[in-house]
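Colleague: After the structure tokens below, expect a handful of questions from me.
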Amino acid sequence: TVSFGGSSLGDLHDALRTTLWPGRLSSRRATSHSATTGHSQWLGNRSFEGRARLPTGLSFSVTTVVTGPPTMASLKDGGLTPAQQYREALKNMSEEERKLQLLESKWTRSLSKWTEASVMVQALMRGWWVRRMLRQTKARNSVIHMTEKMVNQAGAHLNGGRHAEAVDLASEAIVLDDGYSHAYLVRAHAKYAQQQFEPAAEDYSVVIAREHKNREALHGRARCYGSLEQWDSAIRDVNHLMDAQPDNPDHWALRAMLRSKLKLWALAAEDMSTFMEKGSRNVKALIQRGSCYAADQDWHSALRDFSDAIRLQPTSVRALCLRGRTYCCMRKFDSAVNDYETALKIDKDSQAAQEGLEDAMKPHNPLPLNTGS
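Note that this note's numbering gives residue 97 to position 36 of the sequence shown, counting from 1, and the numbers run on in steps of one.
Dropping the structure here:
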């Protein structure tokens, strides 16, 4: 039932549009919409009434009996449309939450476009990254090529005995590429040849720090430590070498030499015996082991090694002098005189043979007899 006061139905329609639900009413459903959704609350299958204040000269009232629920699901929450619910939710949000909500809605509406753009951006980034890596690889290969060329030239200088040039060229290669370990190795060899043992040991240490099992660097640093008389450090490096290559005879000979410097004569003789088993039984090795036996006062073993060396090389003045000295220690002076004279026939300027002969020809007191008292 509708009652109103006014000049015409058009006045009522205009009033409804401006007062109850602006912009959403039509002339066909003005009264029903204004009553059911504009200013009323759902009360089930009961009657309810909607009223409104209208401009001067126009008033009305609407009474409607509702026989069923409205079709809009949004009326469950206080009779609000989805747009009204969205606006109410925005009122309860902070400024940051509203911005996030806006971004989320935009992202949802433009998800397909964003996905395509993301794929395009990723493809562009991959292409840029590949091109960048190719440029870096090309530049790196160029540096490596230049460094290798300089190090090879430094090695040629080293082999030719031009040690200063080798050091300078290897240093330039290190400035160009500090990570190229072989440049340090070549420079260390050149410095060792110049008897710059401490700088050479430092370069060897750089190589060993990067390549723990670099046998060439370990061997070179051991020689540097030996030249600096740092025997324990030298033996430690040689032990690492022997762990890596236990069958290499050169490592045994080097450790024997270092142990003899520490006056560990028996251990040095054992290392030389292993060297001759794994390597060759040459004159130099026999003389070195015989010297260790003689220093340890093992005269018979020393005499055997010196005699073997003389059989291999009868003109070895050093072996003859050492055997003559061993004969003197065994108080076999006639045999000692014979060895010293033979050495002087080979090399008349040998100072060791001259001094040994004078000592062997001196009168010596006989050994005291052991009477058992």
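Where a beta carbon is used, it is the ideal one built from N, C-alpha and C, also for glycine.
These numbers come from a predicted model, not from an experiment.
With 16 other CB atoms within 10 Å as the buried threshold, where does Q349 fall?
Modeller: As a working note, residue 349 is residue 288 in the sequence shown. Counting Cβ neighbours within 10 Å, Q349 comes out buried, since at least 16 surround it.
Colleague: Quick one: Cα of K423 to Cα of L279, how far?
Modeller: Looking up residue 423 in the sequence shown gives position 362. Looking up residue 279 in the sequence shown gives position 218. C-alpha separation (whole angstroms): 49 Å.
Colleague: Three or more beta-carbon pairs under 8 Å between the region 351-359 and the region 335-343, yes or no?
Modeller: no
Colleague: If you follow the alpha helix (DSSP H) that K406 is part of, which residue opens it and which one closes it?
Modeller: Against the sequence shown, residue 406 aligns to sequence position 345. Run containing K406: F394 to I407, per the alpha helix (DSSP H) assignment.
Colleague: Just the C-alpha distance for A421 and Q374, rounded to the nearest angstrom, thanks.
Modeller: Residue numbering aside, residue 421 sits at position 360 when the sequence shown is read from its first letter. Residue numbering aside, residue 374 sits at position 313 when the sequence shown is read from its first letter. Cα-Cα distance, rounded: 23 Å.
Colleague: In whole angstroms, give me the CA-to-CA distance for S377 and S411.
Modeller: As a first step, residue 377 is located in the sequence shown; it is residue number 316 there, counting from the start. As a first step, residue 411 is located in the sequence shown; it is residue number 350 there, counting from the start. If you take the alpha carbons of S377 and S411, they lie about 12 Å apart.
Colleague: Under DSSP, the alpha helix (DSSP H) around D369 begins and ends at which residues?
Modeller: Your numbering for residue 369 matches position 308 in the sequence shown. Per DSSP, the continuous alpha helix (DSSP H) segment holding D369 begins and ends at W360 to L373.
Colleague: How would you call S321, buried or exposed, if buried means at least 16 neighbouring beta carbons within 10 angstroms?
Modeller: Reading the sequence shown from its first residue, position 260 is the one you call residue 321. It counts as buried.
Colleague: Provide the residue span of the alpha helix (DSSP H) that contains D311, from first to last.
Modeller: Here residue 311 is taken as the residue at index 250 of the sequence shown, counted from 1. First-last of the alpha helix (DSSP H) with D311: P310 to K322.
Colleague: Is M333 helix, strand or coil by DSSP?
Modeller: Along the sequence shown, one-based indexing puts residue 333 at 272. M333 sits in a helix when the DSSP states are folded into three classes.
Colleague: For G340, which three-state DSSP category applies?
Modeller: Along the sequence shown, one-based indexing puts residue 340 at 279. In the structure shown, G340 sits in coil (DSSP, three-state: anything other than H, G, I, E or B).
Colleague: Give the straight-line distance between the Cα atoms of W313 and Y265, rounded to the nearest whole angstrom.
Modeller: Numbered from its first residue, the sequence shown carries residue 313 at position 252. Numbered from its first residue, the sequence shown carries residue 265 at position 204. Per the coordinates, the alpha-carbon of W313 lies some 21 Å from the alpha-carbon of Y265.
Colleague: Relative to the alpha-carbon of V204, which residue among R187, V236 and E226 has its alpha-carbon at the smallest distance?
Modeller: The sequence position of residue 204 within the sequence shown is 143, counting from 1. Considering only alpha carbons, the answer is V236.
Colleague: Just mark G287 as buried or exposed, buried being the case when its beta carbon has 16 or more other beta carbons within 10 Å.
Modeller: Here residue 287 is taken as the residue at index 226 of the sequence shown, counted from 1. Counting Cβ neighbours within 10 Å, G287 comes out buried, since at least 16 surround it.
Colleague: L164 to R148, Cα distance in whole Å?
Modeller: What you label residue 164 is simply residue 103 of the sequence shown in a count that begins at 1. What you label residue 148 is simply residue 87 of the sequence shown in a count that begins at 1. Cα to Cα, L164 sits roughly 16 Å from R148.
Colleague: Between the region 237-244 and the region 192-210, can you find at least three pairs of beta-carbon atoms closer than 8 Å?
Modeller: yes
Colleague: Is it true that the region 324-332 meets the region 356-364, where meeting means three or more beta-carbon pairs spaced less than 8 Å apart?
Modeller: yes
Colleague: Hey, how far is the Cα of E290 from the Cα of R282?
Modeller: Here residue 290 corresponds to residue number 229 of the sequence shown, with the count starting at 1. Here residue 282 corresponds to residue number 221 of the sequence shown, with the count starting at 1. About 12 Å.
Colleague: DSSP on N220, reduced to helix/strand/coil?
Modeller: Position 159 of the sequence shown, counted from the first residue, corresponds to residue 220. In the structure shown, N220 sits in a helix (DSSP, three-state: H, G or I).
Colleague: Using a Cβ-Cβ cutoff of less than 7 Å, which residues in the same chain neighbour H250 once the five nearest sequence positions on both sides are dropped?
Modeller: For the purposes of this step, residue 250 is identified with residue 189 of the sequence shown, where counting begins at 1. So the qualifying residues of the chain are L219 and G281.
Colleague: Could you spell out where the alpha helix (DSSP H) holding K152 opens and where it closes?
Modeller: Looking up residue 152 in the sequence shown gives position 91. Taken as a continuous stretch (DSSP letters only), the alpha helix (DSSP H) holding K152 covers P143 to K152.
Colleague: Could you tell me the distance, in whole angstroms, from the CA atom of N202 to the CA atom of M303?
Modeller: In the sequence shown, residue 202 corresponds to position 141, counting from 1. In the sequence shown, residue 303 corresponds to position 242, counting from 1. Answer to the nearest angstrom: the Cα atoms are 36 Å apart.
Colleague: Under DSSP, the alpha helix (DSSP H) around N300 begins and ends at which residues?
Modeller: Taking the sequence shown and counting its residues from 1, the one referred to as residue 300 is at position 239. Here the alpha helix (DSSP H) through N300 covers W292 to A305.
Colleague: Are the Cβ atoms of L383 and F394 separated by less than 9 Å?
Modeller: Against the sequence shown, residue 383 aligns to sequence position 322. Against the sequence shown, residue 394 aligns to sequence position 333. For L383 and F394, no; Cβs fall outside 9 Å.
Colleague: Locate the alpha helix (DSSP H) running through H250, then write down its first and last residues.
Modeller: Here residue 250 is taken as the residue at index 189 of the sequence shown, counted from 1. Going by DSSP, H250 is part of the alpha helix (DSSP H) stretching over S242 to A254.
Colleague: What is the rounded straight-line gap between the Cα of L315 and the Cα of D308?
Modeller: Reading the sequence shown from its first residue, position 254 is the one you call residue 315. Reading the sequence shown from its first residue, position 247 is the one you call residue 308. Approximately 13 Å between the Cα atoms of the pair.
Colleague: Take R284 and list the residues in its own chain whose beta-carbon comes closer than 8 Å to its own, dropping the five residues that flank it on each side.
Modeller: Your numbering for residue 284 matches position 223 in the sequence shown. Cβ neighbours of R284 beyond the five flanking positions: Y253, A295 and L315.
Colleague: Taking the alpha-carbon positions, what's the L319 to D311 distance?
Modeller: Locating residue 319 in the sequence shown gives position 258, where the first residue counts as 1. Locating residue 311 in the sequence shown gives position 250, where the first residue counts as 1. One C-alpha to the other measures close to 12 Å.
Colleague: Report all residues from its chain with a CB closer than 6 Å to the CB of K274; omit the five preceding and five following residues, and keep chain order.
Modeller: The count along the sequence shown starts at 1 and reaches residue 274 at position 213. Same-chain partners within the cutoff: A305.
Colleague: Kindly list the residues whose CB is nearer than 7 Å to the CB of S396, restricted to its own chain and excluding five residues on each side of it in sequence; keep chain order.
Modeller: Numbered from 1 along the sequence shown, position 335 holds the residue referred to as residue 396. Sequence-distant partners of S396 (beyond 5 residues in either direction) whose C-beta falls short of 7 Å from its own C-beta, in its chain, are Y388.
Colleague: CB-CB under 7 Å to R386, same chain, minus the five flanking residues each way: which ones, in chain order?
Modeller: Locating residue 386 in the sequence shown gives position 325, counting from the first residue. Only G417 meet the Cβ criterion.
Colleague: Go ahead and label I371 buried or exposed: buried means 16 or more other beta carbons lie within 10 angstroms of its beta carbon, across all protein chains shown.
Modeller: By 1-based counting over the sequence shown, the position of residue 371 is 310. Burial call: buried.
Colleague: Taking T387 as part of the alpha helix (DSSP H), name the residues at either end of that continuous run.
Modeller: Here residue 387 corresponds to residue number 326 of the sequence shown, with the count starting at 1. Looking at the DSSP string, the run of the alpha helix (DSSP H) that includes T387 is V378 to C390.
Colleague: Taking the alpha helix (DSSP H) that D280 falls in, what are its first and last residues?
Modeller: Taking the sequence shown and counting its residues from 1, one reaches residue 280 at position 219. Looking at the sequence shown, residue 280 is not Asp but His. H280 -> alpha helix (DSSP H) spans R276 to S288.
Colleague: Just the Cα atoms here: how many angstroms apart are A363 and A414?
Modeller: Taking the sequence shown and counting its residues from 1, the one referred to as residue 363 is at position 302. Taking the sequence shown and counting its residues from 1, the one referred to as residue 414 is at position 353. Their backbone Cα atoms lie some 18 Å apart in a straight line.
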